[in-house]
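Residue numbers (numbering that gives the first Met the number 0): 0 to 290. Using N, Cα and C, we set each Cβ at its ideal position, and we do this for glycine too. Predicted, not measured: the structure shown is a model, and the values here were computed from it. Down below is the structure, laid out as structure tokens.
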Amino acid sequence: MPELPEVEVTRRKLSPVLVGRTITSVETTRKSYFFITPPQQLKQRLLDRRVEALDRVGKYLLARLDDESTLLLHLGMTGQLFAAGALSPRLLLAKGKRALTPEVARTFSPDAHTHLILGFREAGPLIYFRDVRKFGKVEWAAPGSEFTRVKKLGPDALAATGVQLFEAAQARSTPVKSLLLDQGVLAGVGNIYADEALFLAKVRVDRRANRVTRAECDAIVRAAQKVMRRSIVTGGSSISDYVQPDGTDGGYQNERRVYARTGEPCKTCRTPIERLVIAQRSSHFCPRCQK
DNA sequence: CTGTCCCTGATT
DNA sequence: AATCAGGGACAG
Numbered sequence: 000m001p002e003l004p005e006v007e008v009t010r011r012k013l014s015p016v017l018v019g020r021t022i023t024s025v026e027t028t029r030k031s032y033f034f035i036t037p038p039q040q041l042k043q044r045l046l047d048r049r050v051e052a053l054d055r056v057g058k059y060l061l062a063r064l065d066d067e068s069t070l071l072l073h074l075g076m077t078g079q080l081f082a083a084g085a086l087s088p089r090l091l092l093a094k095g096k097r098a099l100t101p102e103v104a105r106t107f108s109p110d111a112h113t114h115l116i117l118g119f120r121e122a123g124p125l126i127y128f129r130d131v132r133k134f135g136k137v138e139w140a141a142p143g144s145e146f147t148r149v150k151k152l153g154p155d156a157l158a159a160t161g162v163q164l165f166e167a168a169q170a171r172s173t174p175v176k177s178l179l180l181d182q183g184v185l186a187g188v189g190n191i192y193a194d195e196a197l198f199l200a201k202v203r204v205d206r207r208a209n210r211v212t213r214a215e216c217d218a219i220v221r222a223a224q225k226v227m228r229r230s231i232v233t234g235g236s237s238i239s240d241y242v243q244p245d246g247t248d249g250g251y252q253n254e255r256r257v258y259a260r261t262g263e264p265c266k267t268c269r270t271p272i273e274r275l276v277i278a279q280r281s282s283h284f285c286p287r288c289q290k
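Quick look at the structure:
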């Protein structure tokens, strides 16, 4: 699912085809809670706006527009952003949940799950936002006004420090895994990278946050940054629906050590990886390597 | 703080 | 036909 690395890969690949172009067409599906800003209003706000920059904060993408307003995009669980031509007569979904092959992506055509399509004045591909489960978000904010959901975020996980995690941990007796998933603590960490970071830091997912030492907090944040930086290089994790904007899979799913490896041998000690449900999320860990 | 809900496709 | 997966807002 899209977490910080996947959103960052998306940002990097989308920026060159989005920034500097002027929006001249906006197509949407019907009003739904996917559109925090209703489609009708969205069209009105976006039309004739030039995109000045594409930023990322946590798992949010923020497109800065030339009238100082901002378009927020969140990929939720199954969100996919594509940059592609609009030539294909039909959408060819590859088998199962594997999303789109590169050939298909280059000639992407919308299906019922494609909720937003942006067209531009300048030459180049269209932008497609597809999201099967509609846990993603599209929201527009007027110049000077901030997004409530963005304001609530803690430091971006790539810039955070062990001290910040340690301080947040003191007040909590919840499992450290829950703490890592809290976007108000470290923005951008999700289920995959929380498990991977805790494995590298050798801390069990169910350890109470206030029982995690200062040194371990340092190790956890360093580990999170290490796995996320590596994931960005490989194009992110294509475990459920995530694909890069050109339709190709990322590569980090092949490097994960614990996530969705229940019962498989630990890469370090061969002990079977175990699974626990914490905060309604599956959590994976090595019972021997992690204390 | 925990539980519920949104949604749809895959799995049981 | 019922259950599961899960990010995040919200209610309790």
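Checklist entry - CB residue 25 to CB residue 46, shorter than 8 Å? => result Position 26 of the first sequence, counted from the start, is the residue given in the question as residue 25. Position 47 of the first sequence, counted from the start, is the residue given in the question as residue 46. Against a cut-off of 8 Å, the Cβ pair of residue 46 and residue 25 comes out as a contact.
Checklist entry - Excluding the five sequence neighbours on either side, which residues of its own chain have a C-beta within less than 8 Å of the C-beta of residue 288, listed in chain order? => result Taking the first residue of the first sequence as position 1, residue 288 is located at position 289. The answer, listed in chain order, is 198, 201, 265, 267, 268, 270.
Item to check | Straight-line Cα distance separating residue 173 from residue 211 | outcome: Here residue 211 refers to the residue found at position 212 when the first sequence is read from its first residue. Here residue 173 refers to the residue found at position 174 when the first sequence is read from its first residue. Cα to Cα, the separation comes out at about 11 Å.
Next on the checklist: Can you look up residue 158 in the DSSP assignment and give me helix, strand or coil?
Outcome noted: Reading the first sequence from its first residue, position 159 is the one you call residue 158. Residue 158 falls in the coil class under three-state DSSP.
Checklist entry - Is the number of C-beta pairs between the region 4–14 and the region 217–234 that are closer than 8 Å three or more? => result yes
Checklist entry - What whole-angstrom Cβ distance do residue 34 and residue 137 have, given they're in contact under 8 Å? => result To locate residue 34, count along the first sequence from 1; it is residue 35. To locate residue 137, count along the first sequence from 1; it is residue 138. Right, their Cβ atoms sit about 5 Å apart.
Item to check | Opposing strand residues paired with residue 150 [DSSP bridges] | outcome: Numbered from 1 along the first sequence, position 151 holds the residue referred to as residue 150. Answer by DSSP bridge pairing: none, since residue 150 is not bridged.
Item to check | Terminal residues of the alpha helix (DSSP H) in which residue 267 lies | outcome: The residue you call residue 267 lines up with position 268 of the first sequence. Taken as a continuous stretch (DSSP letters only), residue 267 belongs to no alpha helix (DSSP H), as it is neither H nor E.
Checklist entry - Is residue 240 near residue 131, with beta carbons less than 8 Å apart? => result Taking the first sequence and counting its residues from 1, one reaches residue 240 at position 241. Taking the first sequence and counting its residues from 1, one reaches residue 131 at position 132. Cβ atoms of residue 240 and residue 131: closer than 8 Å.
Next on the checklist: Tell me which residue opens and which closes the alpha helix (DSSP H) that residue 39 is part of.
Outcome noted: Stepping through the first sequence from its first residue, residue 39 is reached at position 40. Note, residue 39: alpha helix (DSSP H), 38–45.
Checklist entry - Who are the near neighbours of residue 96 in its chain, counting only those whose CB is closer than 7 Å to its CB and skipping five residues on each side? => result Along the first sequence, one-based indexing puts residue 96 at 97. In this predicted model, residue 96 has a pLDDT of only 33, less than 50, meaning its place in the structure is not dependable; the value taken from the coordinates is given anyway. The residues are 239, 240.
Item to check | C-alpha distance - residue 282 paired with residue 141, whole-angstrom precision | outcome: For the purposes of this step, residue 282 is taken as the residue at position 283 of the first sequence. For the purposes of this step, residue 141 is taken as the residue at position 142 of the first sequence. Approximately 39 Å, taken between the alpha carbons.
Item to check | Nearest residue (CA-CA) to residue 229, options 261, 249, 50 | outcome: For this step, residue 229 is matched to residue 230 along the first sequence. For residue 229, the nearest C-alpha among the options comes from 249.
Checklist entry - So, do the region 158–170 and the region 116–136 have three or more beta carbon pairs nearer to each other than 8 Å? => result no
Item to check | Exposure of residue 262, with buried meaning 16 or more beta-carbon neighbours within 10 Å | outcome: As a position in the first sequence, residue 262 is number 263, starting the count at 1. Exposed is the call here.
Checklist entry - Which residues does DSSP pair with residue 80 in a beta bridge? => result For the purposes of this step, residue 80 is identified with residue 81 of the first sequence, where counting begins at 1. Answer by DSSP bridge pairing, in chain order: 128.
Next on the checklist: Quick check on the DSSP output: the alpha helix (DSSP H) that includes residue 192 runs from which residue to which?
Outcome noted: Residue numbering aside, residue 192 sits at position 193 when the first sequence is read from its first letter. Looking at the DSSP string, the run of the alpha helix (DSSP H) that includes residue 192 is 190–199.
Checklist entry - Can you tell me the Cα-Cα spacing of residue 61 and residue 218, whole angstroms? => result Indexing the first sequence from 1 puts residue 61 at position 62. Indexing the first sequence from 1 puts residue 218 at position 219. In a straight line, the C-alpha of residue 61 is about 30 Å away from that of residue 218.
Checklist entry - Going by C-alpha distance, which of 196, 256, 36 is nearest residue 221? => result Translated into the one-based positions of the first sequence, residue 221 becomes position 222. With distances taken between Cα atoms, residue 221 lies closest to 196.
Checklist entry - Can you tell me whether residue 15 is buried or exposed, with buried defined as 16 or more other CB within 10 angstroms of its CB? => result Sequence index remark: in the first sequence, residue 15 carries index 16 (1-based). With fewer than 16 other Cβ atoms within 10 Å, it is exposed.
Checklist entry - Where residue 259 and residue 32 are concerned, what is the direct C-alpha to C-alpha distance, given to the nearest angstrom? => result Indexing the first sequence from 1 puts residue 259 at position 260. Indexing the first sequence from 1 puts residue 32 at position 33. Those two C-alpha atoms are separated by around 30 Å.
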